[in-house]
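Heads up, the thing below is written out as structure tokens.
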Amino acid sequence: MKTIKVLQQGLFIAALLTINTIALAQERQFKGENDPQVFTEVRTFLKALNSGNGKPLEQLSVADARGVLVGAQKSVEVDYSGIEESEKVISQNGLKVKIHITKPKGAKANAPVFIFIHGGGWVLGDYPTHRRLVRDLVVESGAVAVFPDYTPSPEAQYPVAINEIYAATQWVAENGKEIGVNGKNLAVVGNSVGGNMTAAITLMAKDKKGPQIKLQVLLWPVTDANFETESYNSFADGRFLTKNMMKWFWDNYLPDTNKRKEIYASPLQASTEQLKNLPPALVQTAENDVLRDEGEAYARKLNEAGVPVTLTRYSGLIHDYGLLNPIANVPAVKTAILQAATVIKTTLK
863 MKTIKVLQQG LFIAALLTIN TIALAQERQF KGENDPQVFT EVRTFLKALN
913 SGNGKPLEQL SVADARGVLV GAQKSVEVDY SGIEESEKVI SQNGLKVKIH
963 ITKPKGAKAN APVFIFIHGG GWVLGDYPTH RRLVRDLVVE SGAVAVFPDY
1013 TPSPEAQYPV AINEIYAATQ WVAENGKEIG VNGKNLAVVG NSVGGNMTAA
1063 ITLMAKDKKG PQIKLQVLLW PVTDANFETE SYNSFADGRF LTKNMMKWFW
1113 DNYLPDTNKR KEIYASPLQA STEQLKNLPP ALVQTAENDV LRDEGEAYAR
1163 KLNEAGVPVT LTRYSGLIHD YGLLNPIANV PAVKTAILQA ATVIKTTLK
């Protein structure tokens, strides 16, 4: 009887904790701009973002949704100095892919290089919207960035973008001299869904036995098509990236929910064996981000597989903190970018 009573008490406490967790999550869904867990400068951005009477992004047309990110990035002046930019269309594996090449000013031949895979939910984003982030990484790391213009969704769906990015990565590895870089001194970097595809490219390179990648940098990445993590429930609304927005992105990119379990779509679904011998990883997450838990879970799974991993959670920040020009000067954001650039620099030295 005593054992049963203790068990009942334990179940009661567990149930109470669950109820409290759900209540806290529901309470916090609607107060992003007032939450002391979010840094004040970021709250100012959220207040402006949430004060409008427009439709949620996922209810807009694709063209209008793309325009929202363009408008946000153009709303403030940022520094584009210290770089040299060019473009090239490359052919590889039967695919033609346009690449943007961003070099530190005065870069010498045979420079280290990283592929930068942009975010935007597979639907939004391009080189202009990510130009400042790419510039910051290039200037601080001293490495050259190659930015593939992959075909967005819904114009193309999984795995088209991944195949295009892999082709661009392979081309750089084999033909780097054509653009003044050392294709053997190569990293892959991506933000948000770009982090998702960074993970996919490293898995694909392992499966296809090349090219050799020395480092993967996953910035606030998507790693799984699971919308019921603690961070999804805690930050479902009011903090820039929402749960409904992510569902819309996934529906545009990969409407077949059965295929979302494939490891190139959801790297977190990869087995420990499949993750073994992948390149060393830096994974950054934001405290107030629906994607926080899946990003951290992937980093821990890489660690279990024996991959050297650095996992850093940036408190007070929201999703895409390093991308968003309006919050680019927040000290924690600058520190995060410097961390990523320093890891690139020291790994590709």
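For what it's worth, the numbering used here labels the leading residue of the sequence shown as 863, then goes sequentially.
Virtual Cβ for every residue (Gly too), placed ideally from N, Cα, C.
Under the three-state reduction of DSSP output, Y1012 falls in the coil class, being neither helix nor strand.
The Cβ atoms of F1009 and I1041 lie no closer than 9 Å to each other. The Cβ atoms of A1167 and L1140 sit closer than 9 Å to each other. As a beta-bridge residue in DSSP terms, Q1078 pairs with V1050 and A1143.
In the DSSP assignment, I1189 falls outside any alpha helix (DSSP H), carrying neither H nor E. For D1155, the closest alpha carbon among the candidates A1143, A1087, A1132 and A1127 is that of A1087. DSSP places I1024 in the helix class (H, G or I) of the three-state scheme.
Rounded to the nearest angstrom, the Cβ distance from G1052 to G1045 is 18 Å, too far for a contact under 8 Å.
Contact between V1145 and V1171 holds, with the beta-carbon distance rounding to 7 Å and staying under 8 Å.
In the DSSP assignment, Q1136 falls within the unbroken alpha helix (DSSP H) covering T1134 to L1137. Shown here for S1003: same chain residues with a beta carbon closer than 7 Å to its own, the five before and five after excluded, namely A1203, I1206 and K1207 in chain order.
Residue pairing of S948 in beta bridges, as defined by DSSP: I963. For A910, no beta strand (DSSP E) run applies; the uninterrupted alpha helix (DSSP H) run containing it begins and ends at T902 to N912, by DSSP.
By the Cβ-count criterion, A1049 is buried, with 16 or more other Cβ atoms from all chains shown falling within 10 Å of its own Cβ.
Annotation note: the stretch 1096-1180 contains the following uninterrupted alpha helix (DSSP H) runs of length 4 or greater, listed N- to C-terminal: 1105-1115, 1134-1137 and 1154-1166. Under DSSP, L957 forms a beta bridge with Q954. The C-alpha of Q1074 lies about 11 Å from the C-alpha of V1034. DSSP places V930 in the uninterrupted alpha helix (DSSP H) bounded by V924 to K936.
Taking one beta carbon from each stretch, the stretch 1190-1199 and the stretch 1120-1127 have fewer than 3 pairs nearer than 8 Å; the two do not touch. Of the candidates R928, E1026 and S923, the residue whose Cα lies closest to the Cα of G956 is E1026. Measuring C-alpha to C-alpha distances from R1175 to each of V1169, I1189 and V1152 identifies V1152 as the nearest.
Inter-residue distance for E1149 and L1164 is about 20 Å (C-alpha atoms, whole angstroms). Between the stretch 1112-1120 and the stretch 1174-1188, the count of C-beta pairs closer than 8 Å stays below three; the two stretches do not touch. In the DSSP annotation of this structure, P918 is not part of any beta strand (DSSP E), being labelled neither H nor E. In this structure, the alpha-carbon of P966 lies about 22 Å from that of L1080.
Within its own chain, the residues whose Cβ lies closer than 7 Å to the Cβ of L1185, once the five positions on either side in sequence are excluded, are G981, H992, L995 and N1053, listed in chain order. Pairing I1063 with T1031 gives a Cβ-Cβ distance under 9 Å. Proximity to P1188 across D897, V904, V900 and N896 peaks at V904, based on C-alpha coordinates. Q1136 and L1065 do touch by the CB rule: their CB atoms are close to 7 Å apart, below 8 Å. In the displayed model, N1088 falls within coil according to three-state DSSP, outside both helix and strand. Ranked by Cα distance from G916, the first of V930, V924 and Y942 is V930. By alpha-carbon distance to K1109, the top candidate from V985, G1056, T906 and V1022 is V985. According to the DSSP secondary-structure assignment, I979 is paired through a beta bridge with G1052. Excluding the 5 residues flanking it on each side, N1106 has same chain C-beta neighbours closer than 7 Å at P918 and E920, in chain order.
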